[in-house]
Amino acid sequence: MTDAVLETTDVTVLLVDDNPQNLKVLYETLKDKGYRLLIANDGEKALDLAHRHQPEVILLDIMMPELDGYQVCERLKSHPVTSDSAVVFLSALDDLQAKVRGFSLGGADYISKPFQAQEVIARVKTHARVIRLERALQARNRQLENDQARILNSISEGIYGLDARGTIVFANPAAALIMRKPVEELIGEGFFDLHFRTAGHGCESLPIYATCTKGVAENQRNIEMLRADGSPFPVEYRATPKLDGDELHGAVVVFRDITAELESERALDDARHMVQEQREQLAHFSRLTTMGEMAAGVAHEVNQPLTAITNYARVAKRVLAKEAPDHELLEETLEKIEAQSHRASEVIRRIRRFMKKPAAGKDVLSIAALLEDTRQFAEVDIRNNEGGVEISVADDVPDVIADPIQVQQVALNLIRNALESTRSAQSEKPVEVTVVMSGTGCVRVAVTDHGVGLQDDAEEKLFLPFYTTKEEGMGIGLPMCRSLIQAQGGDIGFERPGHGGACFFFTLPVAGAVGSPCTSTADSGEPTE
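Under this note's numbering, the final residue of the sequence shown carries the number 529; numbering is consecutive throughout.
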């Protein structure tokens, strides 16, 4: 009989028997059941057909010349192409030993001759379904493994699979690239011996050891590990335990080389330090400029106590020149000299403190005391502008954390601007400095004038560098104030009061406040009542 093929389905059944009559009966039994049927009348032909067509089910006679059914089955199961085919033995032998031998060689079932048609149909149908499901499952598993391999190969982070002893059982290409060693050479290496110099002295204190041995997840940054050539490099890693139920089987380690990242962070820190230095230098320049503008008034303020000292000294000399000096008058005169010298010294002290570069860091300070000191320093501007400064501090205002020199520079700048603006409007009302709480962690200082107010486009231009409304202004005052206040963790802005004029405000964090409580949520430039 020649090979017969039924092309109505993708399920293939191979019929193997050296008896043509048996083959005919099997063929007639299965030909209308939708299978693709192959026929072979000896063992060698059966092996050839099986290798070429990979049948799901093979009905195999045991008693055949040359290669018997047992030998054919053994060779089928040893070949990867046909190892999953379901072999159903056909034999007139009905003894237990024959069946046991068939099953031991990989047989899936046993049909005794003479066979019944319904039994053959039922068993072929069952085994065909099982093999198709198994092959579909295997194909799906291969697809998932391929997908997983593609994903792992595309990840830029190194990935290790470790067993409970820390042996590398899996490594992705990124790990090999980082380690500068092929994947196949990493497999089987001891993770701790490979990556840490101190592994020879014990691994208990090393990273990831607790994950492998105790199932403790880890996540650390800037840990030094070694490459295959022994060179160190910084890493960030995450270690997750491999668990099967409650049983620990090692760890999965995801790591990356952060050498370039750390270099970028250092460069960013250097840039921040440079910006901070430039800010401090510009602030110092601004103070020098302010001092230059105030020089004539300061000289007058210092000259007054010095002139008084000179006059009191002359009085003291005249008292001493008398034959009977008036000791009471002399003592009173000397006390006045001392008082005037303290007055001059205080002026110089304020100037020196304002002119010096601030020390690094911030202090806890009383905003009320700082503003009072600033008001005294602005006495010259108060006289020159024929105005006044009133300070009002709410009772519940606590100390703030800030640089006192830089905050005083901002306050003085705003007060001087307010005095000039008030005078330009020919108003005799004093500049109002109010201090209140803003939220729970922020203090708000507002300087309100009674001048002509702000231009309509002030929101867009006022804090831009080199923009000024003064004929001789440089346009660095308000931008510098914004930079200084932001460096304190505060905010700065302005409002248009309902009565006219302008209100500039800045905020400072309360000492001990957590987070960034002084970021303004209100839009600057909105009118207030």
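Yeah, the Cβ is synthetic: ideal placement off N, Cα and C, and Gly gets one too.
Values in this document were obtained by computation on a predicted structure and should not be read as measured data.
Per-residue DSSP class, three states only, for residue i
i, result
"L330", "helix"
"K99", "helix"
"P479", "helix"
"F377", "helix"
"V315", "helix"
"I187", "coil"
"P430", "coil"
"I168", "strand"
"T126", "helix"
"M63", "coil"
"L320", "helix"
"I208", "coil"
"S231", "coil"
"D48", "helix"
"C73", "helix"
"V397", "coil"
"L226", "strand"
"D244", "strand"
"H499", "coil"
"E390", "strand"
"A513", "coil"
"D18", "coil"
"H201", "helix"
"H195", "helix"
"H249", "strand"
"Q408", "helix"
"P173", "helix"
Spatial distance of residue i from residue j (CA atoms)
i, j, result
"H127", "Y110", "12 Å"
"M225", "A267", "23 Å"
"G475", "L484", "Bear in mind that the predicted position of G475 carries a pLDDT of just 40, short of 50, making it too unreliable to give a figure here."
"L306", "S341", "7 Å"
"R197", "D270", "32 Å"
"L330", "A344", "21 Å"
"P333", "E323", "First, the amino acid is wrong: residue 333 is Thr here, not Pro. Distance between the alpha carbons of T333 and E323 is about 18 Å."
"F466", "G230", "Low confidence applies to F466: its pLDDT is 44, below 50, so where it sits in the model is not reliable enough to give any reading."
"I121", "Y70", "23 Å"
"N311", "D326", "17 Å"
"S427", "E263", "58 Å"
"A108", "V169", "35 Å"
"R496", "Q276", "32 Å"
"G200", "G166", "14 Å"
"V389", "I367", "16 Å"
"A164", "E189", "13 Å"
"V25", "E184", "55 Å"
"Q143", "V11", "22 Å"
"K33", "E119", "14 Å"
"A86", "D95", "21 Å"
Own chain partners of residue i with C-beta closer than 8 Å, once the 5 adjacent residues on each side are dropped
i, result
"L23", "M1, L15, D17, I39 and N41"
"V13", "L30, Y35, R36, L37, L38, P55, E56, V57, I58, L59, V124 and A128"
"Q116", "none"
"N385", "L419, E420, T422 and R423"
"A316", "L330, T333, L334 and I337"
"A511", "V364, P398, D399, V400 and I401"
"I131", "E56, V57, D84, S85 and A86"
Residues near residue i by beta carbon distance below 6 Å, same chain, minus five either side
i, result
"D246", "none"
"E472", "Residue confidence is low: E472 scores 46 on pLDDT, short of 50, so the model does not pin down where it sits. Its coordinate-derived value is still stated next. Closer than 6 Å at the Cβ level, and outside the excluded window around E472, lies no residue."
"S392", "T434"
"Y209", "C203"
"I533", "No statement about residue 533 is possible, as the shown extent of the chain runs from 1 to 529 and does not include it."
"D193", "A199"
"I348", "none"
Close-in-space but distant-in-sequence residues of the same chain around residue i (CB under 7 Å, 5 per side omitted)
i, result
"P509", "V400, I401, G441, C442, G489, G490, P517 and C518"
"A313", "I337"
"S205", "none"
"D3", "Note that D3 scores 44 on pLDDT, short of 50, meaning its location in the model is unreliable; the coordinates nonetheless yield the value given after this. If we look at D3 and ignore the five residues flanking it on each side, its Cβ neighbours are L38 and I39."
"P114", "none"
"R75", "L47"
"G387", "L419, T422, R423, P430 and V431"
For residue i, the residue or residues it bridges with in DSSP
i, result
"R238", "N219 and V254"
"G493", "F505"
"V13", "L37 and V57"
"G158", "F255"
"V445", "V435 and F506"
"S112", "S91"
"L365", "V400"
"V81", "DSSP lists no partner for V81."
"A86", "V57"
Interface flag, residue i vs chain C, CB-CB below 7 Å
i, result
"F377", "The structure shown contains no chain C, having only a single protein chain."
Query raised in the report: Pairing CB atoms from the stretch 418-432 with CB atoms from the stretch 448-456, are three or more of them under 8 Å?
Result: Contact holds: three or more Cβ-Cβ distances are below 8 Å.
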